[in-house]
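A.B. asks: Starting off with a structure, shown below.
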Ligand code: HEM
Ligand code: SF4
Ligand code: FES
């Protein structure tokens, strides 16, 4: 198996790991966003709580969620290894440099954007995932069945303006991370073709870098406005 | 292009063109000076007046070196050879960009008219772990040679030359190969990349052989070996920023990097080399 470890520790192999985990995380975002749209339903959180019940009890989803946790860890760890290696490849920096003349800011700052995302993921999981699994969440009853009322936790969290702001900033970061990351991930896998690359770029820019972050950012803003009786 | 007719000349422009040689510019240079690989370097300022806008950037350096020599100072060491954009020697990082502000050109193809009178111009050597500074602006690019030696060739048996038309190659394929083969090994891609990655160079070399029938036979081995050597030399990984292709004097396309990724992954998955 020497060839496997050797391949995965080459510069190209490491990027393949980044790409596979990154693109997997991107597909997860679609599911996560679609589900969370339940927050916009004006039903006191019933649809949302039923959806979270499904997410925490369906065996397939549970299996995939372990893959997801692993992906986040591997992606972040590989990002650290790559970033350090890349920095070591230029021990003496230029005194004067104009990188904006040849490349986009987002493509040059994936590590910084990713660090913001990692911090966000930790805070986000502490607030919701940890509470859902190990904390004390109030219960709600629909049609005689008991549900954990995660919606109540959401309302408390998103009542704080700074917490909402943190979410909005993080969604800007994910927008920039994916504006570059989504299309780059395909090229890392060798997928570049005059027919498909423009489609991939369009999906990356409009769907992953704009629609998804805006939809996610709208959730805390909406709940905040609702809790404070503004809408 | 329309043939130039007499009326296309406006008289004053024509006179101005002919008197251009009278116009001289002043530049303020900040040049990286470093005795050798073991000593620290620093940016040193030099002022030059009497620079013609029609001089190439290297000719401007010749003027500077002439002045330094007359003053009994050590001239600035810089690499150059063909001075017509084909040898790839003239590595200079000028005002924060590989080969200066122009795209699709080497330093020897850059002219002083690309600058304004009185400009300050910062000139540094390529910065990469794999390209150690030898002296002043000269770097050691032999890492590229070792990457080529590891697999950038096609093995042929000696004997009588094969017939030129023995293997039919579609025009589109030979064009693709020739586009990649334009790479002159200048190292601007490494210099411009935030990771000092040599992906564009290695990809151009892998590509120009991989697409041709003569090169296909060894393509698996080639991709494996050249990538391994590239990593061993201490170049960074690819982040797909695209800086390399913008700064490449031959505008080598990122298509080749994607092709190398394909070649390498395919090679790793199919080769019988178990050791890596
Ligand atoms: C956990 C925090 C994260 C960190 C530290 C991080 C860091 C990075 C870095 C440094 C890169 C660039 C690698 C390179 O240019 O060589 C990258 C690429 C990428 N990231 Fe992330 N990221 C994080 C989270 C995410 C998330 C949440 C997603 C998706 C929802 C994602 C998707 C991607 C994609 C698709 C790529 C492109 C891979 C490629 O270029 O081949 N990342 N990430
Ligand atoms: S790919 Fe372009 S920039 Fe890189 S070495 Fe070749 S010619 Fe120079
Ligand atoms: S001196 Fe040969 S390319 Fe510039």
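Chains as they are written, first to last, in this note's numbering: chain A, 980 to 1210; chain B, 165 to 440.
The C-beta atom is built at its ideal place from N, Cα and C for all residues, glycine as well.
For the putative contact between residue 1126 of chain A and residue 1029 of chain A, defined by C-beta atoms under 8 Å, what is the C-beta separation to the nearest angstrom?
C.D. replies: As a position in the first chain, residue 1126 of chain A is number 147, starting the count at 1. As a position in the first chain, residue 1029 of chain A is number 50, starting the count at 1. Correct: roughly 7 Å between the Cβ atoms.
A.B. asks: Just to confirm, does residue 397 of chain B get its C-beta within under 8 Å of one of the non-hydrogen atoms of the ligand FES?
C.D. replies: Within the second chain, numbered from 1, the residue matching residue 397 of chain B stands at position 233. Result no, Cβ not under 8 Å from the ligand FES.
A.B. asks: I'd like to confirm the pairing. Which residues does DSSP put opposite residue 194 of chain B in its beta bridges?
C.D. replies: By one-based count along the second chain, residue 194 of chain B stands at place 30. Looking at the DSSP assignment, residue 194 of chain B forms a beta bridge with B:209 and B:286.
A.B. asks: Starting from the beta carbon of residue 399 of chain B, find every residue of chain A whose beta carbon is closer than 7 Å, and list them in chain order.
C.D. replies: Taking the first residue of the second chain as position 1, residue 399 of chain B is located at position 235. Here the neighbours are 1068.
A.B. asks: How many Å lie between residue 992 of chain A and residue 1039 of chain A at the Cα?
C.D. replies: Mapped onto the first chain, residue 992 of chain A falls at position 13. Mapped onto the first chain, residue 1039 of chain A falls at position 60. So the two alpha carbons sit approximately 29 Å from each other.
A.B. asks: Would you say residue 334 of chain B reaches chain A, if we count a Cβ-Cβ gap shorter than 9 Å as a contact?
C.D. replies: Your numbering for residue 334 of chain B matches position 170 in the second chain. Not one chain A Cβ lies under 9 Å of residue 334 of chain B.
A.B. asks: Report whether the distance from the Cβ of residue 365 of chain B to the nearest heavy atom of the ligand SF4 is below 8 Å.
C.D. replies: On the second chain, position 201 is the one that residue 365 of chain B refers to. Yes, since a heavy atom of the ligand SF4 falls inside the 8 Å radius drawn around the Cβ of residue 365 of chain B.
A.B. asks: Give the single residue among B:400, B:230 and B:236 whose Cα lies nearest to the Cα of residue 356 of chain B.
C.D. replies: Position 192 of the second chain, counted from the start, is the residue given in the question as residue 356 of chain B. Closest by alpha carbon: B:400.
A.B. asks: With distances taken Cα to Cα, identify the nearest neighbour of residue 209 of chain B among B:255, B:200, B:246 and B:191.
C.D. replies: As a working mapping, residue 209 of chain B is identified with position 45 in the second chain. The shortest C-alpha separation from residue 209 of chain B is found at B:191.
A.B. asks: Output, in sequence order along the chain, the residues in the segment 1054-1082 of chain A whose CB is closer than 7 Å to any CB in chain B.
C.D. replies: Answer set for the segment 1054-1082 of chain A: 1061, 1064, 1065, 1067, 1068, 1069, 1070, 1071, 1072, 1073, 1074, 1075, 1076, 1077, 1078, 1080, 1081 and 1082.
A.B. asks: Let me check understanding here. Comparing Cα to Cα, which of A:1151, A:1199, A:1133 and A:1176 lies closest to residue 1025 of chain A?
C.D. replies: On the first chain, residue 1025 of chain A is found 46 positions in, with the first residue counted as 1. Answer by Cα proximity: A:1133.
A.B. asks: Report buried or exposed for residue 1033 of chain A, applying the criterion of at least 16 other Cβ atoms within 10 angstroms of its Cβ.
C.D. replies: Your numbering for residue 1033 of chain A matches position 54 in the first chain. Label assigned to residue 1033 of chain A: exposed.
A.B. asks: Work out the CA separation of residue 346 of chain B and residue 376 of chain B for me, nearest whole Å.
C.D. replies: Counting from one through the second chain, the residue named residue 376 of chain B turns up at place 212. Counting from one through the second chain, the residue named residue 346 of chain B turns up at place 182. Between residue 376 of chain B and residue 346 of chain B, the C-alpha separation is close to 15 Å.
A.B. asks: Could you work out which residue in B:387, B:378 and B:252 is closest to residue 330 of chain B when comparing CA atoms only?
C.D. replies: As a first step, residue 330 of chain B must be located in the second chain, where it is residue number 166. When each option's Cα is compared against that of residue 330 of chain B, the closest is B:378.
A.B. asks: Could you name the residues of chain A that residue 395 of chain B contacts, counting a contact when the two beta carbons are closer than 7 Å?
C.D. replies: Position 231 of the second chain, counted from the first residue, corresponds to residue 395 of chain B. Ordered by position in chain A, the residues that pass the 7 Å Cβ test against residue 395 of chain B are 989 and 990.
A.B. asks: Please specify which runs of the beta strand (DSSP E), each continuous and at least 3 residues long, are wholly inside the segment 1051-1111 of chain A, giving them in chain order.
C.D. replies: The qualifying runs do not exist here; there are none.
A.B. asks: Tell me the rounded alpha-carbon separation between residue 195 of chain B and residue 231 of chain B.
C.D. replies: Locating residue 195 of chain B in the second chain gives position 31, where the first residue counts as 1. Locating residue 231 of chain B in the second chain gives position 67, where the first residue counts as 1. Cα to Cα, the separation comes out at about 15 Å.
A.B. asks: So which residues on chain B does residue 923 of chain A lean against when the C-beta distance must stay under 8 Å?
C.D. replies: No statement about residue 923 of chain A is possible, as the shown extent of chain A runs from 980 to 1210 and does not include it.
A.B. asks: For the segment 1157-1207 of chain A, which segments carrying the alpha helix (DSSP H) assignment without a break, of at least 4 residues, lie completely within its bounds, in sequence order?
C.D. replies: Within the segment 1157-1207 of chain A, the complete alpha helix (DSSP H) runs of at least 4 residues are 1176-1181 and 1191-1206.
A.B. asks: Taking any Cβ of chain B, which residues in the segment 991-1022 of chain A have a Cβ under 8 Å from it, in chain order?
C.D. replies: Under the 8 Å Cβ criterion, the segment 991-1022 of chain A contributes 991, 992, 993, 994 and 995.
A.B. asks: Around the C-beta of residue 1140 of chain A, are 16 or more other C-beta atoms found within 10 angstroms, so that it is buried, or is it exposed?
C.D. replies: In the first chain, the residue the question calls residue 1140 of chain A occupies position 161. Residue 1140 of chain A comes out exposed.
A.B. asks: Going by the C-beta, is residue 413 of chain B closer than 8 Å to any heavy atom of the ligand SF4?
C.D. replies: Along the second chain, one-based indexing puts residue 413 of chain B at 249. Yes, the beta carbon of residue 413 of chain B sits closer than 8 Å to at least one heavy atom of the ligand SF4.
A.B. asks: Given a cut-off of 9 Å, decide if residue 219 of chain B and residue 276 of chain B are closer than it, judged by their beta-carbon atoms.
C.D. replies: Along the second chain, read from residue 1 onward, the residue named residue 276 of chain B stands at position 112. Along the second chain, read from residue 1 onward, the residue named residue 219 of chain B stands at position 55. Yes. Within cutoff.
A.B. asks: Chain B partners of residue 982 of chain A, CB-CB under 9 Å?
C.D. replies: Position 3 of the first chain, counted from the first residue, corresponds to residue 982 of chain A. Those within 9 Å of residue 982 of chain A in chain B are 432, 435, 437, 438, 439 and 440.
A.B. asks: Where the beta carbon is closer than 6 Å to any heavy atom of the ligand SAH, which residues qualify, in chain order?
C.D. replies: With respect to small molecules bound, the structure shown includes the ligand HEM, the ligand SF4 and the ligand FES and not the ligand SAH.
A.B. asks: With 9 Å as the threshold, decide whether the Cβ of residue 1089 of chain A is near any Cβ in chain B.
C.D. replies: Residue mapping note: residue 1089 of chain A aligns to position 110 of the first chain, counting from 1. At least one chain B Cβ lies under 9 Å of residue 1089 of chain A.
A.B. asks: Keeping to the same chain, check which residues put their C-beta closer than 6 Å to that of residue 411 of chain B; ignore five residues upstream and five downstream.
C.D. replies: The residue you call residue 411 of chain B lines up with position 247 of the second chain. Counting only Cβ-Cβ distances below 6 Å, and skipping sequence neighbours, we find 262, 352 and 356.
A.B. asks: Among the residues of its own chain, which have a CB less than 8 Å from the CB of residue 1102 of chain A, if the five just before and after it don't count?
C.D. replies: Locating residue 1102 of chain A in the first chain gives position 123, where the first residue counts as 1. Taken in chain order, the residues that qualify are 1145.
A.B. asks: Go through the segment 206-254 of chain B residue by residue and report every complete run of the alpha helix (DSSP H) that reaches 4 residues or more, in order.
C.D. replies: Correct list: 221-234.
A.B. asks: How would you list, in chain order, the residues of chain A whose beta-carbon sits under 9 Å from the beta-carbon of residue 257 of chain B?
C.D. replies: Mapped onto the second chain, residue 257 of chain B falls at position 93. Residues of chain A passing the Cβ test: 1073, 1075 and 1076.
A.B. asks: If you draw a straight line from the alpha carbon of residue 212 of chain B to that of residue 193 of chain B, how long is it in whole angstroms?
C.D. replies: Here residue 212 of chain B corresponds to residue number 48 of the second chain, with the count starting at 1. Here residue 193 of chain B corresponds to residue number 29 of the second chain, with the count starting at 1. The alpha-carbon atoms of residue 212 of chain B and residue 193 of chain B are separated by roughly 8 Å.
A.B. asks: What in chain A is Cβ-close to residue 411 of chain B, meaning under 8 Å?
C.D. replies: The residue you call residue 411 of chain B lines up with position 247 of the second chain. Residues of chain A passing the Cβ test: 1081.
A.B. asks: Could you have a look at residue 165 of chain B and say whether DSSP puts it in helix, strand or coil?
C.D. replies: Within the second chain, numbered from 1, the residue matching residue 165 of chain B stands at position 1. Here residue 165 of chain B scores only 45 on pLDDT, less than 50, and its place in the model should not be relied on; the value that follows carries that caveat. DSSP places residue 165 of chain B in coil when its eight states are reduced to three.
A.B. asks: Return the residue from the list B:436, B:435, B:286 and B:370 that minimises the CA-CA distance to residue 393 of chain B.
C.D. replies: The sequence position of residue 393 of chain B within the second chain is 229, counting from 1. Of the listed residues, the one whose Cα sits closest to residue 393 of chain B is B:370.
A.B. asks: Compare the Cα-Cα distances from residue 206 of chain B to each of B:335, B:311, B:425 and B:287 and report the closest residue.
C.D. replies: Stepping through the second chain from its first residue, residue 206 of chain B is reached at position 42. Ranking B:335, B:311, B:425 and B:287 by Cα distance to residue 206 of chain B puts B:287 first.
A.B. asks: What's the gap between the Cα of residue 1061 of chain A and the Cα of residue 990 of chain A?
C.D. replies: Counting from one through the first chain, the residue named residue 1061 of chain A turns up at place 82. Counting from one through the first chain, the residue named residue 990 of chain A turns up at place 11. Spanning the two alpha carbons is a distance of roughly 8 Å.
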